[in-house]
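Report on one structure; see the data block that follows.
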């Protein structure tokens, strides 16, 4: 242990206690030479502005760094450069490194390019992401948790509200999705449950072509507005017709396409744009 690590509360002689009281004065009169293999204590020696890093940053900084309390300055040197751990104040920081340290990593899912793509509307993508993860708190889930007594679909079809039913087995949302498919010059789906939509999107909505971008954006807009209409009916007691909802979907998709995309003037692209 060094002079800087001694606890003044220990049972020491009067002489030692007097010397410890002078440590601050000693520190201001010391000059540290930091070489390539410095053996000075990283945390306890007052090598930086006459104050030990432990006193400046606290014990939490030692813990967070992953370095031992006995570490020397050479542990954070790499040649003539400083090499602090990424998450220590004063180290090499990047937002990517910070994000990776906060989140739990997992393999990339096949549907990621359907949800997150250039020109997507963020709130639509977030709602679609929740849907792919089956994370929406539909009424069947709330009933299973004992929060609700019944789980009937808010669109008045008399069926239980589940993710599959809401997107797009329900008569109301089925009408909306059928029209979106029609606007995108796509045939009606063989089945109406959500898993079928995932399969369709993986095969027909990934890619850079205008038609595929419109399918992705149309899917995201349809899911978002159907979910929003569902919430409006439950919490605000407000309802609109399928035609009104389709008008909102069309407005979002066409405005985004007009602002974001440079559309090649081909007969198929022109026909698709005219549909919307």
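Residue numbers (this note's numbering): 4 to 279. Ideal placement from N, C-alpha and C gives every residue a C-beta, glycine not left out.
Residue from the options whose Cα sits closest to the Cα of residue i
i, options, result
"residue 267", "212, 51 and 111", "212"
"residue 265", "229, 121, 170 and 162", "121"
"residue 46", "60, 276 and 135", "60"
"residue 80", "218, 37, 146 and 51", "37"
"residue 193", "203, 278, 186 and 187", "203"
"residue 31", "54, 83, 86 and 238", "54"
"residue 222", "130, 273 and 29", "130"
"residue 254", "232, 231, 273 and 224", "224"
"residue 48", "270, 63, 66 and 29", "29"
"residue 210", "68, 145, 115 and 152", "115"
"residue 201", "185, 219, 214 and 190", "219"
"residue 205", "117, 69, 102 and 103", "117"
"residue 126", "228, 236 and 85", "228"
"residue 85", "34, 15, 41 and 160", "41"
"residue 239", "157, 270, 145 and 199", "157"
Residue i - DSSP class collapsed to helix/strand/coil
i, result
"residue 207", "helix"
"residue 162", "coil"
"residue 75", "strand"
"residue 153", "coil"
"residue 80", "strand"
"residue 253", "helix"
"residue 42", "coil"
"residue 85", "strand"
"residue 36", "coil"
"residue 195", "coil"
"residue 48", "coil"
"residue 247", "helix"
"residue 148", "coil"
Start and end residues, alpha helix (DSSP H) containing residue i
i, result
"residue 130", "125 to 135"
"residue 174", "174 to 186"
"residue 270", "270 to 278"
"residue 232", "213 to 234"
"residue 141", "Unbroken run through residue 141: none, as it is neither H nor E."
"residue 54", "Here residue 54 belongs to no alpha helix (DSSP H), and DSSP marks it neither H nor E."
"residue 264", "Premise fails: residue 264 is in no alpha helix (DSSP H) and is neither H nor E."
"residue 63", "62 to 68"
"residue 30", "26 to 31"
"residue 118", "115 to 118"
Residue i burial status per 10 Å Cβ neighbour count (16 or more: buried)
i, result
"residue 147", "exposed"
"residue 197", "buried"
"residue 364", "No answer is possible for residue 364: it lies beyond the span of the chain, which begins at 4 and ends at 279."
"residue 183", "buried"
"residue 275", "buried"
"residue 172", "buried"
"residue 249", "buried"
"residue 71", "exposed"
"residue 232", "buried"
"residue 261", "exposed"
"residue 57", "buried"
"residue 256", "buried"
Heavy atom of the ligand FAD within 6 Å of residue i beta-carbon
i, result
"residue 131", "Only the bare structure without any ligand can be found here, which leaves the ligand FAD out of the picture."
Should the stretch 165 to 172 be regarded as contacting the stretch 139 to 150, the criterion being three or more beta carbon pairs within less than 8 Å? yes
Taking contact to mean at least 3 C-beta pairs separated by less than 8 Å, is the stretch 171 to 187 in contact with the stretch 240 to 250? yes
Is it true that the stretch 69 to 76 meets the stretch 108 to 121, where meeting means three or more beta-carbon pairs spaced less than 8 Å apart? no
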